[in-house]
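Chemist: Here it is, the structure, as structure tokens.
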Amino acid sequence: MRTSNQNDSNPDQDVVFEVRDLEVTFGTNRGESRVVRNVDFDIYRNETLGMVGESGSGKSMTSSALMNAVVSPGETSGEVTYYPPDGGEPISVLELDEEELRKFRWGEVAMVFQGAMSSFNPVKKVRGHFKETLEDHNRDVEAGLERAHQILGDLYLDPDRVLDSYPYELSGGMKQRALVALALILEPEVLVMDEPTAALDLLMQRSIVSLLKDLKEEYDLTIIFITHDLPLLTKLADRLVVMYAFDIVEVGSTEEILYDAAHPYTRSLLNATPDLNAPIEEMQSISGSKPDPVTNIPGCSYRPRCPMADESCAEAEPPMADRGNGHRTACFYHDDVSDEIPIPAMEAAEEGGEGE
Amino acid sequence: MTPKYLLKRLGQAILTFLVTMTVSFLLYQAMPGGPTEAMRSVILSQSGGSVDIDRLNRMIQLYTNVNPDQPMHVQYFNYASDVILRQDLGTSFFKNEKVTTLIMQRIPWSMFISVYALALGYSLSIFLGVMTAYREKSRFDSTVSSLIIGLNSIPYYIVGVVLIYFLAIQNNYFPTGGRIGSGIVAGYNPEFMLSLVKHAALPAISMGALATSGALAMRGNAIRVLGEDYIRVAQLRGLRETRIATQYLGHNSILPMYTQFMIGIAGVFSSAVIVEEVFAYPGMGLLMFEAVKTQDYPLLMGTLIVFTAISLTAIFIADLTYTLIDPRISVGEE
């Protein structure tokens, strides 16, 4: 087991990505904009890792960094180590040269992101997209296209019809699924999905999510799923990473985060989640506004919005506290959070559950 | 592409052609000292004033396809039917040869330098446009962009004159004019080919300068396309840079310019009039220029009609082939 890292409290897991001290910065005319700050986390093989957080909290940037794909002029620093399956040499992603990086992308890590509608070259048939991807990665085109047929079939698409279409001839949901198929064509280890369902209707969202579960089993995938949609993640993810202000504030299994969230932000986020079962007055938005990537808040970054903040929060940045079972949180008062910020909906659900 | 659409576009092209022909016919007739007057004075001066009027009119009709005695609409009808039905554009006053023969002799030469110029200008436009977009705001970008703006602000014939001065007179790299070196045997031999290319190079470069105006538009398109999601996804997919540059960036940036490029063919072709005069390159343009100078109306009308036909054909082809480069344009579906 490659679990040398000090932060990993779950030594039974096989790590596929190890991210340490990840920083992404952009120079702006207002000063340096730090959009990912000192992020550490691990991704385990064959898990579904959910990343949540408000817009601009650094989720997409963090996941782009896994492929060293932060758009220029962004600067990525830190360590991103990829462990290939079957004990191959670990790859330091940020140190790959251009050609190695090109091969690494899509071959090991593929990404489906928000703009599925416009992810295809409008003047090229879908088949062309599959073919060029196989060609540029020196794969057997014929075998690859056969696999494409199979994957498209698994996604409930008519393979021949889709392959022979131009992107504009497909609906949004079809394009989204074709993009998922394109992501799987080289049999990658890791699939990053950056709000893949944002532009789809609710029904299509749920059906893609259930397809993903099947695909994950069939193709032995590790999935990183980024979204604002917390209820969606709870159905899909094994573990959740909560990001706030360009850093991770809480990590843990979905169960732990849902029922025992120990960071004030996570709890407020859960309270802000719309739920048809909960009365509207129990839904609370988080007061204050989200932090600016240029300014540096000394101490805890959530302090200005946190109801529990005191002087000690301003003095030092809270370290990640271990709560066991791989549940870690960046709050000094993680033991008191559940009392200070109750989640009425969860308590109601728990009571209901106990009553049965 | 439906036959209906094809017919419709063809009909439009023919209509445009007829309108152009009619307007130019009327303008020439209406000009003081129009074709028949010019002809009359030419013949009179040649024969010393001793020609009877009937014979004079017959001669004029023979040359210009127009009988000065007939009313204007009959004249026009005769002229048009000669052009369309018999492909007869009349006979040149001064060269004493069929206008069609003269044009046919010259047209391959003009085609040669125009195609040369277009290939040069457009490939340079596309290449520079894409390169400057890739390196937007770099020194390379600002240098190339300023150069192109400068080049486009200078009329192409001045470019021609400057080229002659520096490359043909000051240095002996290229000939100052003509279309082939003297004493070279025509045929598939290297000397002939080299001489052909050398003579065509300067006219083609100065006409090509006209076609590089596309580079700035191309740059703008390419910058827009660079921001598209499919470019980013292509990079994430680990596609080769050359593929992304050509099939993704290049192809999609050309789309909005395709029609403009096709219309540009007409522009480059008509710039031949001046360029061929500057370089003494005996092509269609020079023929037209000489026709203007000598008031050779049948020849002038003939060259104008041929230029119109070429422009219309280029636009027609552009319309029909648009769907080949952009599948989203479905030709003929309503």
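So the sequences go chain by chain: A and H. Taken in order, the first sequence gives residues 190 to 545; the numbers are from my numbering. Taken in order, the second sequence gives residues 1207 to 1540; the numbers are from my numbering. A virtual CB, placed ideally from N, CA and C, is assigned to each residue, including glycine.
#1: Report yes or no: do three or more beta-carbon pairs, one from the region 279 to 294 of chain A and one from the region 1409 to 1418 of chain H, lie closer than 8 Å?
#2: Below 9 Å on C-beta distance, what does Asp329/A contact in chain H?
#3: Consult DSSP for Met1413/H and reduce its assignment to one of helix, strand or coil.
#4: Expressed to the nearest angstrom, what Euclidean distance is found between the alpha-carbon atoms of Pro1396/H and Leu1402/H?
#5: Return the bridge partner residues of Tyr433/A from the DSSP annotation.
#6: What is the C-beta distance between Phe1475/H and Ile1516/H, in whole angstroms, given that I count them as a contact (C-beta under 8 Å)?
#7: Can you look up Arg328/A in the DSSP assignment and give me helix, strand or coil?
#8: Please report the distance separating the alpha-carbon of Gly515/A from that of Ser442/A.
#9: What alpha helix (DSSP H) runs, 4 residues minimum, are completely inside the region 255 to 320 of chain A?
#10: For a test of the three-state rule: what should DSSP assign to Val1484/H, helix, strand or coil?
#11: Quickly, what does DSSP pair Leu179/A with across the bridge? List them, please.
#12: Hey, would you say the C-beta of Val1365/H is under 7 Å away from at least one heavy atom of the ligand MN?
#13: What in chain D is Cβ-close to Gly1384/H, meaning under 8 Å?
#14: For Leu1505/H, which residues of its own chain have a beta-carbon under 6 Å away from its beta-carbon, when the five flanking residues on both sides are left out?
#15: Assess contact between the region 429 to 436 of chain A and the region 393 to 401 of chain A, defined as three or more Cβ pairs (one per stretch) separated by less than 8 Å. Is contact present?
#16: Name the chain H residues that come within less than 9 Å of Tyr355/A, Cβ to Cβ?
#17: Can you tell me whether Thr1338/H is buried or exposed, with buried defined as 16 or more other CB within 10 angstroms of its CB?
#18: Grab the span of the beta strand (DSSP E) containing Asn1458/H for me, first residue to last.
#19: Out of Met1507/H, Arg1534/H and Leu1530/H, point me to the one whose CA is closest to Met1227/H's CA.
#20: Label Glu470/A either buried or exposed according to how many other C-beta atoms from any shown protein chain fall within 10 Å of its C-beta, with 16 as the threshold for buried.
#21: Apart from the five residues just before and just after Gly1327/H, which ones in its own chain have a Cβ nearer than 6 Å to its Cβ?
#22: Between Leu1373/H and Leu1408/H, is the Cβ-Cβ spacing less than 8 Å?
#23: Roughly how many angstroms lie between the CA atoms of Ala450/A and Val438/A, to the nearest whole one?
#24: Beta-carbon within less than 6 Å of Leu352/A's beta-carbon, same chain only, minus the 5 sequence neighbours each way: which residues are those?
#25: With distances taken between CB atoms, is the gap from Asp203/A to Asn227/A smaller than 8 Å?
#26: Whole-angstrom Cβ separation of Val225/A and Val213/A, contact assumed at under 8 Å?
#27: Mind pulling the chain H residues with CB within less than 9 Å of Gly296/A?
#28: Does Lys1343/H pass the burial test, meaning 16 or more other C-beta atoms within 10 Å, or should it be called exposed?
#29: Below 7 Å on C-beta distance, what does Arg1449/H contact in chain A?
#30: Less than 8 Å between CB atoms is the rule here; does Asn1458/H satisfy it with respect to chain A?
#31: So, does the CB of Pro311/A fall closer than 8 Å to a CB anywhere in chain H?
#32: Please report the distance separating the alpha-carbon of Arg1449/H from that of Val1367/H.
#33: Starting from Met240/A, trace the beta strand (DSSP E) both ways and give me its first and last residue.
#34: Taking the Cβ atom as the reference point for each residue, do Ser246/A and Ile415/A lie within a distance shorter than 8 Å?
#35: Looking only at DSSP bridge pairs, what is Ala510/A linked to?
#36: Please determine if the region 320 to 329 of chain A and the region 342 to 350 of chain A are in contact, where contact requires at least 3 C-beta pairs separated by less than 8 Å.
Modeler: So, to answer that:
#1: no
#2: Here the premise fails: no neighbours, minimum Cβ distance about 17 Å.
#3: helix
#4: 10 Å
#5: Asp436/A
#6: 6 Å
#7: coil
#8: 7 Å
#9: Runs found: 287 to 296.
#10: The DSSP-derived three-state label of Val1484/H is helix.
#11: Nothing in the structure corresponds to residue 179/A, since chain A is present only between 190 and 545.
#12: Ligands displayed in this structure: none; no statement on the ligand MN is therefore possible.
#13: This model lacks chain D altogether; the protein chains it does include are A and H.
#14: Ser1298, Val1305 and Ala1497
#15: no
#16: By Cβ distance, chain H contributes Pro1533 and Arg1534.
#17: buried
#18: No beta strand (DSSP E) contains Asn1458/H, which is instead part of the alpha helix (DSSP H) from His1457 to Ile1460.
#19: Met1507/H
#20: For Glu470/A, the number of other beta carbons within 10 angstroms of its own is below 16, and it is reported as exposed.
#21: Gly1414, Ala1417 and Thr1418
#22: yes
#23: 11 Å
#24: Val315 and Arg316
#25: no
#26: 4 Å
#27: Gly1444
#28: exposed
#29: Glu321 and Asp325
#30: yes
#31: yes
#32: Answer to the nearest angstrom: the Cα atoms are 40 Å apart.
#33: Thr237 to Val241
#34: Cβ atoms of Ser246/A and Ile415/A: not closer than 8 Å.
#35: Thr518/A
#36: By the Cβ rule, the region 320 to 329 of chain A does not count as touching the region 342 to 350 of chain A, because fewer than three pairs are nearer than 8 Å.
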